[in-house]
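*Asks:*
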Amino acid sequence: MTFKEILEIGIDVGGTFTDAAVRHNGRIIAAKVPTNPSDQSVGFVDALTAVLASIGAEPSRVARLAHGTTVGTNALLEGTTASCAFITTGGFGDMLELRRQNRADMYRLEVHHSPAFVGRDHVIEVAERCDPDGVVIPLTASECQRIVDAIGVLDVEAVAVCLLFSFRYPDHERMIGDALSAAYPKLSISISSDVLSEFREYERAATTVVDAALGPVVSAYLGRLAMRADMLGAPRPLIMQSNGGLLEIDDAATHAVKTVLSGPAAGVQGACAWARAEGTAHMLTFDMGGTSCDVGIIVDGAPLFRSDTVIGGHSIRMPMLDIATVSAGGGSIAWVDSGGALRVGPHSAGARPGPAAYGNKGQHPTVTDAHVVLGHFVEIGTQDHLVRLDRDAACAVVGALGVELGMTPEACAQGILRLVDVEMARALRVMSTERGIHPGDATLCAYGGAGPLHACSVADAVGITRVLVPACAGALAAIGAVMADVRRDWVRTILCPLTDEITLTQVLAEMTAVARDQDAQAAVYVTLDCRFRGQTHTRAIAWPSGAVAGDIDPLFRAEHGMRLGVEDASTPIEVVSVRITAVRENATAIAPPQPYGVISSGDVSVMLDGATMWVPAGWCFQQRDDGSYYVWRDLAAQ
Amino acid sequence: MIDLITLHVIGHQLRGIAEEMEAILVRGAYSPNITERRDCSTAICDATGRMIAQSASIPVHLGAMPAALEAVIACEPEPGDVWVLNDPYQGGSHLPDLTMVSPLDIDGVRLGYAISRAHHADVGGSAAGSMPAGSRELVQEGLILPPVRLIAAGEHRSDIEAIIVRNSRTPHERVGDLRAQLASHIVAAREYERVCGRWGAPVLQKACNELLAYASRRMRAAISAIPDGIYQAIDYLEGDGISDDLIPIQVTVVVAGDHVCVDFSGTAPAVAGNLNCPLSVTKAAVYFVFRCLTDPDIPSSSGAFDVIEVVAQDGAVVNAQFPSAVAAGNVETSSRIVDVLFSALGQAIAVPAHGQGTMNNVTIGSEAFTYYETIGGGQGASAHGPGPSGVHVAMSNTLNTPVEVLEITYPLRVEHYRCRPGTGGRGMHVGGDGVSRSFRMRAPAYVSVISERRALAPHGSAGGENGHVGRNTLNGDLLPAKWQGHVEPGDILAIDTPGGGGWGPPPPDIRSE
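First to last, the protein sequences are chains A and B. The first sequence lines up with residues 1 to 638 when you count with the numbering used here. The second sequence lines up with residues 639 to 1151 when you count with the numbering used here.
#1: For Ala206 (chain A), which residues in the same chain have their Cβ closer than 6 angstroms to its Cβ, ignoring the five residues on either side in sequence?
#2: Which partner residues of Ser962 (chain B) appear in the DSSP bridge assignment?
#3: Within this structure, are the beta carbons of Ala357 (chain A) and Ala393 (chain A) separated by less than 8 angstroms?
#4: For Ala906 (chain B), does the three-state DSSP call read helix, strand or coil?
#5: Can you pull the chain B neighbours of Gln101 (chain A), defined as C-beta to C-beta under 7 angstroms?
#6: Indicate the three-state DSSP secondary structure (helix, strand or coil) for Tyr1048 (chain B) in the structure shown.
#7: Going by Cα to Cα distance, which pick from A:Asp300, A:Cys445, A:Asp133 and A:Ala450 is closest to Val372 (chain A)?
#8: Is any beta-carbon of chain A found at less than 8 angstroms from that of Gly1063 (chain B)?
#9: Would you check if there are 3 or more beta carbon pairs closer than 8 angstroms linking the segment 654–662 of chain B to the segment 679–692 of chain B?
#10: Three-state secondary structure (DSSP) at Glu58 (chain A)?
#11: Quick one: list the residues of chain B neighbouring Tyr107 (chain A), beta-carbon separation under 7 angstroms, in chain order.
#12: Thinking C-alpha only, which one of B:Thr644, B:Leu820, B:Ala709 and B:Leu707 is nearest Val664 (chain B)?
#13: State yes or no: is the beta carbon of Pro132 (chain A) nearer than 8 angstroms to at least one beta carbon in chain B?
#14: Under 7 angstroms, CB to CB, which of the residues in the segment 402–422 of chain A have a partner in chain B?
#15: Could you check if Leu979 (chain B) is buried or exposed, using at least 16 other CB atoms within 10 Å of its CB as the buried criterion?
#16: Helix, strand or coil for Thr254 (chain A)? Go by DSSP, reduced to three states.
#17: Does chain A have any CB closer than 8 angstroms to the CB of Arg755 (chain B)?
#18: So Gly762 (chain B) and Ser731 (chain B) are in contact, right, with Cβ under 8 angstroms, and what is the actual spacing, rounded?
#19: Flag this pair as yes or no: are the beta carbons of Val889 (chain B) and Val898 (chain B) separated by less than 8 angstroms?
#20: Is there at least one Cβ from chain A nearer than 8 angstroms to Glu1151 (chain B)'s Cβ?
#21: Note down, in chain order, each residue of its chain lying with its Cβ closer than 6 angstroms to the Cβ of Tyr1202 (chain B), except the 5 sequence neighbours on either side.
#22: What first and last residue would you give for the beta strand (DSSP E) that runs through Tyr221 (chain A)?
#23: What does the Cβ neighbour count give for Asp760 (chain B), buried or exposed, with the cut at 16 atoms within 10 Å?
#24: With burial defined as no fewer than 16 other Cβ atoms inside 10 Å of the residue's Cβ, what is the status of His1124 (chain B): buried or exposed?
#25: According to DSSP, simplified to helix, strand and coil, what is Gln994 (chain B)?
#26: For Met1079 (chain B), which residues does DSSP report across the bridge?
#27: Just to make sure I have the definition right: I need the residues of chain B whose C-beta is within less than 9 angstroms of the C-beta of Phe199 (chain A). Which are they?
#28: Using a 10 Å radius around the Cβ and a threshold of 16 neighbouring Cβ atoms, would you call Tyr830 (chain B) buried or exposed?
#29: Determine the direct distance from the alpha carbon of Gly1023 (chain B) to that of Leu419 (chain A), and round the result to whole angstroms.
#30: For Ser1020 (chain B), which residues in chain A fall below 8 angstroms Cβ to Cβ?
#31: For Thr408 (chain A), name the three-state secondary structure that DSSP assigns.
#32: So, for Val598 (chain A): in the same chain, excluding its five sequence neighbours on each side, which residues have a beta-carbon less than 6 angstroms away from its beta-carbon?
#33: Any heavy atom of the ligand FMN within a distance shorter than 7 angstroms of the CB on His1124 (chain B)?
#34: I want to see whether chain B comes within less than 8 angstroms of Arg306 (chain A), judged by CB atoms only; does it?
#35: Can the beta-carbon of Ala341 (chain A) be found closer than 8 angstroms to that of His1097 (chain B)?
#36: Report the neighbours of Gly654 (chain B) on chain A: residues whose CB is nearer than 7 angstroms to its CB, in chain order.
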């Protein structure tokens, strides 16, 4: 290495492996170590050490560390969050339990929603009330003291406060927050008007509770991480948020809910780096692992966002990268249903026993076994640690299923793969067409352990003709983390006509001042969530720099007409929320990859570092100088 | 013969079109009924009118689309048409549900139809919201649309749209909802052409037949698992809003091998009030029960539903004829049909106890606004565990209107919105609790409440106790289950919804309390 090279390292902790990636002499070097499920910071340090060792560098040479984590997601899915109390307006203490009143499953009547994060005995109702026009019942000092005393009795680690109309009148929430932090300095307190200053009380409350309950867990983990980084002499890592931007570790520790999609978001950011390098406008991202598959979308070089999601049964309303998860992966089990049809998933063979081909006495035919039967690959692992697969075992379980269906093992294996492809193709189609993008106009970026195996066939199923398999496809999330921008976001619901320039100007000035106060050097962007008056759903319209409120009107009408095929020229437009984003951009970019190897034709599998790529007949592929592969449909062959 | 895999690929693609239609409709619409509460559904049918795939957010639309299609096919639709109807006696359900149908033609060949149904918040009639509690004939409930063309051979007919809009108390909202619904049909035509281009018309037509046969096989397999026998039950509606006389709903279910017949003989004739159902709504309730009690994974298509025979005499409350009023049949009678079927089939297989058995319909409006809400309650307990609390239990699954949205949009204040602890029936597993939602009026308004289970409690099952009944009050004074009247600023309307039935005998220590 050259003496002056600045080392920027990304680290992504997955369920099975922890990946680290560093750009070194124009190439990306990756290292893979086992994840330590009880403390992800152990794997973090191991991966960092391993990747530094592979290029012979010291931790002190690292200029920037960036990290995608699943600590928050796992705590939500496994229910290992902190004990939490919930404080809300009198008369609405059941807000968390009542949700939006729809049942958990339309036809399985006995199914319950996941239990509310906070049981009724940990909910405190406050004598206070605001309505759209202001304070109706003032919050008194003695009532505030009563809350403080009640929290003392409950003895919890965290408190969430969500009062009606606090998105417009936050004073009551702040009074309670201040009183609590004065009385209990160690208590983790989340205030809804800070976490999410938007209307719709259930979604705001649920998000605030997630933030509160994750707070102690995420901040403890990030504390250990900071300590380990300090001990190594490495910089403290920046943390990937669900929106694809990095946050200082201290901020991430106090805004835990922002990290729930940290890991998958890092992957999409990695794909985005390639989309920019290639000059690809639209890209669908396809991250397939052992039990699930994450699908995302990049439009005009930038990832798309969504405003809410549900993780582990908990609603979270927060702008995050638009990522859909399908419960289908290499370990998904194939079976025959009562109508005699072949089905795949949602059950998975997991890591143990795993697919039959792993030789751990797996009894169920899986997607991986189907690949092995068809000879798509014969071994798995990284270059240092290859495991030969047991084809006989795979043939036995797939063959048995074939007998039930009256099919040969090969036909059965092909059927399994086609069905899995259909599931994922459906997710990709929804991800593209519902967002106004024709899949045929997009490149598919395939990564994760099983992504490159299915990329071409899934592409065929949705009419995609170009596939990109980035260098170190198994560690793309680590690469994405290190290449991301640092960003902070603010939102405020205002609900005013677009023509009310006085309100708009005043709100923009206030919010921009707050953003500048935090980071004077960051670039500040404004987005308005708009709708026609009377509509419920909004569309985000970016405020072009130098624009005035009047410029937004034609932008919104054009956007609406384009998405829905219906024009509307006369209806007044309403601004629901104002969003401010402060971004400190990461100038590093990967160089456009240049063709390197020869052009080859398909019906062949290619061993990558940490993954296998399957290129079926009718497809061509070529390696490039950065180690990535470009794969395309051979239209002449059709 | 198309291989099973290709068949499922095509099945997913057609369902994908229906799902995309619904997404377009929900995102583009104006009424909170469609956008917040998702009271809408979409479907793709084949050229003979059989439903291949459906995207249904609420069960009351299940399998009810072919009746609408039949009515339009009788009018011989041309390529490029989009038809609209709401006449309950020509393919509709109740008047606020506007159903659109458009033929799908490729190269001059009719291959199928796209259908959408959405509950529009007001289509005129004697009361805001078009759900008057005391209506006695259909014309009082709103504008009646027999099948008419909104788009004729690609030409937008603004005259029809103008009639619909002019007859609504919230005309601006109607325009937005109609346009969003039309947009879903534009998308359906585009996507169907793409799918057809991929497979070719012959394969697509064959696939439709085989998809129907597949769903039929699955449903027959599920029915075979129910022990053969004759199962009978009776339950009652608590009055039609005009008289308090009980209205019996009786059902006889005959299961023989893979065949089932659901016969409503013994059920009351159509009532003077508005609890009447057109047959398509009755069928939707029957299909819902079978979907719950069999594998809900069976495709929602004519193939599955046609296996189930439904018999109801012409002129019965469950097979009403013109000019019977129907506004509440869709929401309340359909709920009771579900209960009575659960009671009958409970003699053969394990079923949950009754849920709240009502949708607690509340309409508050004036010439300036229309607010419509249905309120969740207790679900019945089952062998698997307690019943969920505060949810929609059967033919609805709409979301609530958030308090903050409600207070910003309408001159109302919500005093409280909370569970009613202990209202679920006791049992080894307790029923889910009802809820209480209370509104303070801030402007003069007209109120219509249509509710049930205010006198006869939801039944427990397998020895479990009944859930508690609900109650409606105005300023603390008890209101009847079905009520309409004027309210003044400061008045407080409180709706307490029923609890679900318990399952299994309660433990002795609880019972002796």
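Note that CB positions come from ideal geometry on N, CA and C, so glycine has one too.
*Replies:* Reading it off the structure:
#1: Looking up residue 206 (chain A) in the first sequence gives position 206. Excluding sequence neighbours, Ala206 (chain A) sits near Ser315.
#2: Here the question's residue 962 (chain B) lines up with position 324 in the second sequence. DSSP output for Ser962 (chain B) lists B:Glu775 as bridge partner(s).
#3: For the purposes of this step, residue 357 (chain A) is identified with residue 357 of the first sequence, where counting begins at 1. For the purposes of this step, residue 393 (chain A) is identified with residue 393 of the first sequence, where counting begins at 1. The Cβ-Cβ distance between Ala357 (chain A) and Ala393 (chain A) falls below 8 angstroms.
#4: Reading the second sequence from its first residue, position 268 is the one you call residue 906 (chain B). Under the three-state reduction of DSSP output, Ala906 (chain B) falls in the coil class, being neither helix nor strand.
#5: As a first step, residue 101 (chain A) must be located in the first sequence, where it is residue number 101. Within 7 angstroms Cβ-Cβ: Gly1014, Gly1028, Val1029, His1030, Leu1037 and Asn1038.
#6: Taking the first residue of the second sequence as position 1, residue 1048 (chain B) is located at position 410. Three-state DSSP puts Tyr1048 (chain B) in coil, outside helix and strand.
#7: By 1-based counting over the first sequence, the position of residue 372 (chain A) is 372. Considering only alpha carbons, the answer is A:Ala450.
#8: Reading the second sequence from its first residue, position 425 is the one you call residue 1063 (chain B). No, no contact with chain A.
#9: yes
#10: Against the first sequence, residue 58 (chain A) aligns to sequence position 58. In the three-state reduction of the DSSP assignment, Glu58 (chain A) falls in the coil class.
#11: The residue labelled residue 107 (chain A) in the question sits at position 107 within the first sequence. Contacts between Tyr107 (chain A) and chain B, judged by CB atoms closer than 7 angstroms, involve Arg929, Cys930 and Pro934 in chain order.
#12: Sequence index remark: in the second sequence, residue 664 (chain B) carries index 26 (1-based). Here the closest residue by C-alpha is B:Leu820.
#13: What you label residue 132 (chain A) is simply residue 132 of the first sequence in a count that begins at 1. Answer yes: the Cβ-Cβ gap between Pro132 (chain A) and chain B drops below 8 angstroms somewhere.
#14: Against chain B - using a Cβ distance shorter than 7 angstroms - the residues of the segment 402–422 of chain A are Gly415, Arg418, Leu419 and Val422.
#15: Reading the second sequence from its first residue, position 341 is the one you call residue 979 (chain B). Leu979 (chain B) should be labelled buried.
#16: The residue given as residue 254 (chain A) occupies position 254 in the first sequence. Correct three-state label for Thr254 (chain A): helix.
#17: Indexing the second sequence from 1 puts residue 755 (chain B) at position 117. So no, Arg755 (chain B) is outside the interface.
#18: As a position in the second sequence, residue 762 (chain B) is number 124, starting the count at 1. As a position in the second sequence, residue 731 (chain B) is number 93, starting the count at 1. That belief does not hold up - the Cβ atoms of Gly762 (chain B) and Ser731 (chain B) are roughly 17 angstroms apart, past 8 angstroms.
#19: For the purposes of this step, residue 889 (chain B) is taken as the residue at position 251 of the second sequence. For the purposes of this step, residue 898 (chain B) is taken as the residue at position 260 of the second sequence. No, these two residues do not count as a Cβ contact at 8 angstroms.
#20: To locate residue 1151 (chain B), count along the second sequence from 1; it is residue 513. Confidence at Glu1151 (chain B) is low in this model, with a pLDDT of 44, below 50, so its placement is unreliable and the value that follows should be read with caution. Chain A, which has no Cβ nearer than 8 angstroms to the Cβ of Glu1151 (chain B), makes this no.
#21: An answer regarding residue 1202 (chain B) cannot be provided, because it is not within the stretch 639 to 1151 covered by chain B.
#22: If you number the first sequence from 1, residue 221 (chain A) lands on position 221. From DSSP, Tyr221 (chain A) is part of no beta strand (DSSP E) but of the alpha helix (DSSP H) over Glu201 to Leu232.
#23: The residue you call residue 760 (chain B) lines up with position 122 of the second sequence. Classification for Asp760 (chain B): buried.
#24: The residue given as residue 1124 (chain B) occupies position 486 in the second sequence. Taking all protein chains in view, the Cβ of His1124 (chain B) is surrounded by fewer than 16 other Cβ atoms within 10 Å, so the residue is classified as exposed.
#25: For the purposes of this step, residue 994 (chain B) is taken as the residue at position 356 of the second sequence. Three-state DSSP puts Gln994 (chain B) in coil, outside helix and strand.
#26: One-based indexing of the second sequence puts residue 1079 (chain B) at position 441. Per DSSP, B:Leu1050.
#27: As a first step, residue 199 (chain A) must be located in the first sequence, where it is residue number 199. Pro1040, Glu1042, Val1043 and Ile1046, listed in chain order.
#28: The residue you call residue 830 (chain B) lines up with position 192 of the second sequence. When all chains shown are included, Tyr830 (chain B) counts as buried.
#29: Taking the first sequence and counting its residues from 1, one reaches residue 419 (chain A) at position 419. Taking the second sequence and counting its residues from 1, one reaches residue 1023 (chain B) at position 385. Cα-Cα distance, rounded: 34 angstroms.
#30: Here residue 1020 (chain B) refers to the residue found at position 382 of the second sequence. The contacting residues are Leu109 and Glu110.
#31: Residue numbering aside, residue 408 (chain A) sits at position 408 when the first sequence is read from its first letter. Residue state, collapsed to three classes: coil.
#32: The sequence position of residue 598 (chain A) within the first sequence is 598, counting from 1. The beta carbon of Val598 (chain A) is closer than 6 angstroms to none in its chain, skipping five residues each way along the sequence.
#33: The ligand FMN is absent from the structure shown, which contains no ligands of any kind.
#34: Counting from 1 along the first sequence, the entry for residue 306 (chain A) is found at position 306. For Arg306 (chain A), the answer is no, since every Cβ of chain B falls outside 8 angstroms of its Cβ.
#35: Taking the first residue of the first sequence as 1, we reach residue 341 (chain A) at position 341. Taking the first residue of the second sequence as 1, we reach residue 1097 (chain B) at position 459. Their beta carbons are not under 8 angstroms apart, which means Ala341 (chain A) does not touch His1097 (chain B) by this criterion.
#36: Looking up residue 654 (chain B) in the second sequence gives position 16. The answer, in chain order, is Arg426 and Arg429.
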